[in-house]
Amino acid sequence: MELRDLTVDDLDAVVDNTTRAFGPMSDADQEAWLKLVTPMLAEGRYLGAFDGARLVATSRINDFTQWWHGRQISMGGVASVTVAPEDRGRGVGRRIMLETLDRCARLGHPVSALYPATTRIYRSLGWEHAGAMHRAVLPAEALRTIRQSEPVEVRRMGPGDAHEVVSVLRKVHFATRACGPVCWDVATWESRLAARDDFLYLAEDGFVVYRWRGRDIEVSNLVAGSEATARALWSLVGTSASIAKSVHAVVAPDDPVFWLIGDRSSDEVGQTRWMFRVVDLASAISLRGFPGSVALEAVVQVDDPQRPANSGPWHLSVFGGSATAQPAGALPTAMPAFTVGGFSALFAGVPTATLRRTGALTGPADGDDALDAAFHARPHMLDYF
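Just add 765 to wherever you are in the sequence shown, counting from 1, and you've got our numbering.
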């Protein structure tokens, strides 16, 4: 079995493997997919496993920015993990994912995330369930009746606004201390903003991307940095209420829309779960944001069989919204001990009480409250990959 970077000459085989794994792609979807992945080939972001000349398995690493408590971290978004049906059960998936993890590190991603088709293989390699992409079903009429608090200038946008979209995301996710959302690079946003079936509108501190879904509306992105812009963009979507009865929208767990609509006796919200992994522990901690009012001094043990540099005792220090992780010197007689999946889940805000009841955290519990306060988060994503 040979593992190597994929090239343009391999793309027909990749399409074949992808359709066998996930189902057929339309011509339009295949065209969009080719635009997305072709630039990644030269960057070493698309890996293949070969049995002779036959492509057996693939994985792709998207170059993302991810926000953690409002601060940006370079994140390797793993996608397009496929194994040919006739080769499943041979350990090929594990082998290509080990190489994918190493490649994330070489590409400079301190953290990684993925949407799993199955949990077991990814959990065995250190990824752990951390957050979700939330999809709400909202009454279109309830959006139409959202009142404007003040005039907001909203205009149509297109590929030329990609830089502005990235700028808006940075400002909003920083100001709201967001945990989990990702941002594509400018070139990818240019491609996304060229989609023929999407309706795209931009305000000074927000934007919306939506499309028709049969007789309903689907909102794939709506980001707003102020009350006025949130009201303007959601009510704009609601102007289709004469035709659409429901709006299917990707939202944050505590999205303002739930407080802007009128009657709200129950919420219809589905979740698509994603998994997260710390790749470079010290770097990830130093780049993550933390609550400014929390101070923490703790020594914890981490066990990471796949990334030995992450293993061992670490002194965590949190103060003034920032943190450091350094190899510990003088050690306590006992300390909290995390699996790498457990520490990755803690990083993403999963409570220590949950981790203890799954076996991902053992040892003394007297410092659990302080760890929970420092790493508190409600992680979510607004994009699927």
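For glycine and all other residues, C-beta sits at the position ideal for the given N, C-alpha and C.
All figures in this text were calculated on a predicted structure; none of them were measured in a lab.
- DSSP places S889 inside the alpha helix (DSSP H), whose first and last residues are 885-889.
- If only complete runs of 3 or more residues are kept, the stretch 846-910 shows the beta strand (DSSP E) at 876-879, 893-904, in order along the chain.
- Boundaries of the beta strand (DSSP E) harbouring H1013: 1011-1016, taken from the DSSP string.
- Between the C-alpha atoms of Q1091 and V974 there is a straight-line separation of about 43 Å.
- In this structure, S1076 places its C-beta atom within 7 Å of the C-beta atom of D1069.
- Here W833 is bridged, per DSSP, to R836.
- In this structure, C944 lies near A1142, with their beta-carbon atoms less than 7 Å apart.
- Straight across, the Cα-Cα distance linking P1097 with T953 is about 48 Å.
- Judged by DSSP in its simplified three-state form, W949 adopts coil rather than helix or strand.
- Unbroken alpha helix (DSSP H) runs of no fewer than 4 residues, entirely contained in the stretch 961-1037, are found at 992-1003, 1022-1025, following chain order.
- Just measuring C-alpha positions, the residue of P1073, L1136, S985 sitting nearest A1088 is L1136.
- In this structure, G842 places its C-beta atom within 7 Å of the C-beta atom of A878.
- Proximity to L958 across V947, N986, G817, F1150 peaks at N986, based on C-alpha coordinates.
- In this structure, the beta-carbon distance from A822 to I886 does not fall below 7 Å.
- Here A1139 is not near F1084, since their CB atoms are 7 Å or more apart.
- Here S1030 is exposed: its Cβ has fewer than 16 other Cβ atoms, across all protein chains shown, within 10 Å.
- Straight-line measurement puts the Cα of S1051 at about 19 Å from the Cα of P946.
- Beta bridge pairing from DSSP links D1068 with T1104.
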